[in-house]
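115 is the number of the first residue of the sequence shown in the numbering used here; add one for each residue after it. We put the beta carbon where it would ideally sit given N, CA and C, even for glycine. Predicted model only: the values in this text are computed from it and were never measured.
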Amino acid sequence: MNNQQRAVIFAKAIREYVKKGYKVIDKDEVNFICTLHREKQKTNHILHLLLTLVTCFLWLLIWGGSAATKKGASTITIAVDEYGNVKTIK
Numbered sequence: 115m116n117n118q119q120r121a122v123i124f125a126k127a128i129r130e131y132v133k134k135g136y137k138v139i140d141k142d143e144v145n146f147i148c149t150l151h152r153e154k155q156k157t158n159h160i161l162h163l164l165l166t167l168v169t170c171f172l173w174l175l176i177w178g179g180s181a182a183t184k185k186g187a188s189t190i191t192i193a194v195d196e197y198g199n200v201k202t203i204k
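This is how it looks when you write it as structure tokens:
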């Protein structure tokens with residue numbers, strides 16, 4: 115696989131992670147390695163409290179589920195090998 119094909123795969127892999135909320139920290143386009151970081155997702159507790167009060171505490175279930183599924187901060191490194199395989203290192 116030539117470098118131009120690897121570059122296309124590399125760019126596509128980066129785009130997929132950026133869609134998930136990651137930001138590029140470091141990118142090496144010669145060796146096709148990139149480090150990405152995503153901040154901790156925050157819950158708007160004031161909004162959820164108001165919705166809980168307005169819906170007579172029914173919203174409390176959604177608030178609890180929302181708070182439980184929020185993801186923490188994450189840093190990953192992706193690389194494209196000489197065969198075009200994308201490797202993810204956490």
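By the three-class DSSP mapping on this structure, what secondary structure does residue i have?
| i | result |
| --- | --- |
| residue 116 | coil |
When the distance is taken between beta carbons, is residue j closer than 7 angstroms to residue i?
| i | j | result |
| --- | --- | --- |
| residue 187 | residue 154 | yes |
| residue 189 | residue 203 | no |
| residue 193 | residue 185 | no |
| residue 138 | residue 150 | yes |
| residue 198 | residue 115 | yes |
| residue 120 | residue 136 | no |
| residue 141 | residue 148 | yes |
Which residue from the options puts its Cα closest to that of residue i?
| i | options | result |
| --- | --- | --- |
| residue 118 | 204, 201, 195 | 195 |
| residue 159 | 131, 144, 176, 132 | 176 |
(request) Counting only runs of 3+ residues fully inside the segment 126 to 203, write out the beta strand (DSSP E) ranges in chain order. (result) 137 to 142, 147 to 152, 188 to 194, 200 to 203
(message) For the pair the segment 161 to 171 and the segment 124 to 131, tell me if three or more CB-CB distances fall below 8 angstroms.
(response) no
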